[in-house]
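Below is one structure, written out as structure tokens; comments come after it.
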Amino acid sequence: MKPMLETLIRDVRYGLRSLLRSPGYALMVVLTLGLGIGANTAIFSLVNGVLLRPLPYADGHALVLARQQAQRAGSANIPFSVKEIGDYREQLATLDGFVEYHGMSFTLLNRGEPDRVLTGVVSANFFDVLGVQPLYGRTFRDGDDDLGAEAVLVLSYPYWRQRFGGDPGIVGL
134 MKPMLETLIR DVRYGLRSLL RSPGYALMVV LTLGLGIGAN TAIFSLVNGV
184 LLRPLPYADG HALVLARQQA QRAGSANIPF SVKEIGDYRE QLATLDGFVE
234 YHGMSFTLLN RGEPDRVLTG VVSANFFDVL GVQPLYGRTF RDGDDDLGAE
284 AVLVLSYPYW RQRFGGDPGI VGL
């Protein structure tokens with residue numbers, strides 16, 4: 134064991150002397166190692182967050198994103214029509230549920246003060262398919278997404294806390 138330790142100490146001394154003789158080379162080695170380790174850490178963090186870590190939903194591994202293309206319009210992601218969504222729900226026996234989601238923004242009147250909100254418009258079975266429950270109030274019921282139905286809004290917890298001060302009185306049942 135002692136000869137190994139002595140050899141290690143000699144190697145470390147030799148390495149330090151070599152680095153002190155050529156500090157430019159030592160700096161380049163340290164920078165190269167730092168950039169390489171940093172880049173690998175960033176890439177792993179991205180892959181881990183997007184591909185390896187499971188989605189925070191019940192049966193998240195079984196969720197599928199359906200998209201359609203409109204080649205004439207030059208778009209790779211156009212929304213499904215209400216009729217198409219209904220057809221998919223009726224005909225797809227291999228899926229437990231088919232939900233609609235598309236992003237949009239609108240102006241919400243926050244007790245008289247207009248507030249521009251980025252939101253997602255979803256079908257009534259959205260939360261059931263994801264297997265999530267609200268902290269307060271309710272999610273959507275059957276018929277909430279029918280044509281002519283009264284608008285129902287599900288607020289995110291941060292938005293409810295920030296814009297409404299966490300007032301439970303604004304949460305409908």
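According to the numbering used here, the sequence shown holds residues 134 to 306 in order. We treat Cβ as the ideally placed atom computed from N, Cα and C, and that holds for glycine.
Within the stretch 198-235, the complete alpha helix (DSSP H) runs of at least 4 residues fall at 215-224. Of Asp248, Asn181 and Gly219, the smallest CA-CA separation from Ser256 is found for Gly219. Judged by beta-carbon spacing, Tyr190 lies beyond the 8 angstroms limit of Leu288, meaning their Cβ atoms are not closer than that value. Following the DSSP letters along the chain, one finds Glu246 inside the beta strand (DSSP E) bounded by residues Glu246 to Val255. A distance below 8 angstroms separates the beta carbons of His235 and Pro212. Setting aside the 5 residues that flank it on each side, Phe231 is surrounded in the same chain by Ile218, Tyr221, Arg222 and Leu225, each with a C-beta closer than 7 angstroms to its C-beta; the list follows chain order. Scanning the stretch 145-188 from its first residue to its last, the whole alpha helix (DSSP H) runs of 4-plus residues come out as 156-180. For Arg294, the enclosing alpha helix (DSSP H) begins and ends at Tyr290 to Phe297. Membership of Val262 in the alpha helix (DSSP H) is indicated by the continuous run Phe259 to Leu263. Shown here, Thr240 sits in a strand according to DSSP, grouped into three states.
For the pair Leu251 and Arg296, the Cα-to-Cα distance works out to about 14 angstroms. Taking C-beta atoms as the reference points, Gly302 and Trp293 fail to come closer than 8 angstroms.
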